[in-house]
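Read the sequence shown against the working numbering and you will find it ends at 313, with the numbers running on by one and no gaps. C-beta: ideal position from N, C-alpha, C; glycine also. Report on the following structure.
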Amino acid sequence: MIKLGIVMDPISSINIKKDSSFAMLLEAQRRGYEIHYMEMHDLSLRGGVASARTRLLTVEQNPENWYQFGSEQVIPLADLNVVLMRKDPPFDTEFIYATYILERAEELGTLIVNKPQSLRDCNEKLYTAWFAEFTPDTLVTRSKAQLRAFWQEHGDIIMKPLDGMGGASIFRVKKDDPNFGVITETLTEHESRFCMAQNYIAAITEGDKRVLVVDGEPVPYCLARIPQGGETRGNLAAGGRGEARPLSESDWEIARRVGPTLKAKGLIFVGLDIIGD
């Protein structure tokens with residue numbers, strides 16, 4: 037029997053209608069895997085051995101009662117065949133420490149998805165710079181002056197933190213927006229933190245697409261996320277509407293270009309967010 041571990045945010049707080057980790061757990065259970073549930077605080081390292089307090093987990097597609105815990109045990113992570121690292125951002129020092137613990141288990145033969153070193157190296161937002169031909173004009177800086185110049189150049193930009201998710205703290209700043217200063221101060225914490233600015237892409241009004249790449253190969257259908265009620269953000273967590281669609285030719289091109297690099301880095305399960313065609 038395959039023993040599968042998962043490190044995730046509290047399962048009690050997820051929305052099973054849109055949570056991809058929950059979908060993976062359902063499929064793992066269907067295949068007869070033994071599922072070991074962990075949160076980051078359950079991980080530990082002693083004498084070079086990575087361990088965790090795990091709870092056996094069963095899940096069901098029931099919005100009122102979607103999980104049950106079984107027995108609890110402390111085990112070496114090397115006893116598991118695979119561990120899914122599914123903890124949501126922020127990408128902070130605690131997250132980094134967790135990847136080092138998981139890396140010790142990886143060195144003893146456990147498959148960690150995704151590779152711990154690459155989780156550290158390939159920040160979800162910053163790593164797009166390695167594929168700049170597929171991205172909007174992008175500036176990463178702490179400098180208010182650089183952000184202002186970028187805004188004045190484009191006239192309509194998106195500003196966001198580097199460690200956010202789910203559409204949180206994403207701002208659209210149009211020409212002559214009086215809130216530019218306070219937005220910049222908030223995101224950079226008075227020029228003490230990096231943030232990202234990108235030129236606004238009008239096609240976002242029709243939504244973006246989450247394209248999955250598994251072991252370097254694109255899944256032929258994507259999740260289109262469509263903004264609602266005048267929103268800029270299509271994220272489901274921000275109220276966007278989800279819709280399944282086949283990949284466009286442009287989607288295939290991007291995924292096939294990026295996929296081999298992701299696979300080489302041990303990034304086995306990746307979502308690409310694509311706007312327009």
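Residues sharing a beta bridge with N235, DSSP: I193, per the DSSP bridge assignment.
Beta bridge counterpart(s) of F216 as assigned by DSSP: Answer is none; F216 lacks a bridge partner.
Supposed contact pair A88 and D78 - C-beta distance, whole angstroms, cut 8 angstroms: Rounded to the nearest angstrom, the Cβ distance from D78 to A88 is 5 angstroms, consistent with a contact under 8 angstroms.
Delimiting residues of the beta strand (DSSP E) encompassing Q109: Where Q109 is concerned, the enclosing beta strand (DSSP E) stretches over Y103 to P112.
Endpoints, the alpha helix (DSSP H) within which R67 is located: Looking at the DSSP string, R67 is not in any alpha helix (DSSP H), and its letter there is neither H nor E.
Assigned secondary structure, F127 (DSSP; H/G/I helix, E/B strand, else coil): If DSSP states are grouped into helix, strand and coil, F127 belongs with coil.
D199 beta carbon less than 7 angstroms from that of P125: Going by C-beta atoms, P125 is nearer than 7 angstroms to D199.
Test item: CB-CB of F30 and R178 under 7 angstroms: Residue 30 falls outside the range modelled here, since the chain spans only 37 to 313, and no answer is possible.
Own chain partners of L298 with C-beta closer than 7 angstroms, once the 5 adjacent residues on each side are dropped: Hits under 7 angstroms: V249, G252 and V306.
Cβ pair A260, E279 closer than 7 angstroms: Between A260 and E279, the CB-CB gap stays under 7 angstroms.
G41 - partner residues in DSSP beta bridges: Beta-bridge partners of G41 (DSSP): H72 and V119.
Per DSSP, cross-strand counterpart(s) of K245: Beta-bridge partners assigned by DSSP to K245: A260 and I310.
Coarse secondary structure for E253, derived from DSSP in three states: DSSP, reduced to helix, strand and coil, places E253 within a strand of the structure shown.
Distance, G217 Cα to D313 Cα: Cα to Cα, the separation comes out at about 33 angstroms.
Buried or exposed by the 16-neighbour rule on C-beta atoms within 10 Å, applied to N150: It counts as buried.
Whole-angstrom distance between M76 and G302, CA atom to CA atom: C-alpha of G302 to C-alpha of M76: approximately 21 angstroms in a straight line.
Nearest-angstrom beta carbon gap, I310 and D244 [assumed within contact, 8 angstroms]: So it is a contact: roughly 6 angstroms between Cβ atoms.
Burial state of A181 (16 or more Cβ within 10 Å): When all chains shown are included, A181 counts as exposed.
Paired residues, beta bridge with S80 - DSSP: BP columns for S80 point to S87.
Per DSSP, the bridge partner or partners of I148: Under DSSP, I148 shares a beta bridge with V119.
Helix, strand or coil at E279 [DSSP, three-state]: E279 falls in the strand class under three-state DSSP.
Counted within 10 angstroms of its Cβ, other Cβ atoms place L144 as buried (16 or more) or exposed: Exposed, because fewer than 16 other Cβ atoms sit within 10 Å of the Cβ of L144.
Nearest neighbour of R246, chosen from I50, D45, V209 and S56 [CA to CA]: It is S56.
Nearest candidate by alpha-carbon position, reference W102, set I47, D115 and E142: Among I47, D115 and E142, the Cα nearest to that of W102 is on I47.
Assigned secondary structure, K54 (DSSP; H/G/I helix, E/B strand, else coil): DSSP places K54 in coil when its eight states are reduced to three.
Coil, strand or helix - R229 by DSSP: Three-state DSSP puts R229 in coil, outside helix and strand.
L303 in three-state terms, based on DSSP: The answer is coil: DSSP assigns L303 none of H, G, I, E or B.
Where L155 falls: helix, strand or coil (DSSP): Reduced to three states, the DSSP call for L155 is helix.
Pairwise C-alpha distance: A239 and I194: Looking at the two C-alpha atoms, the distance is approximately 13 angstroms.
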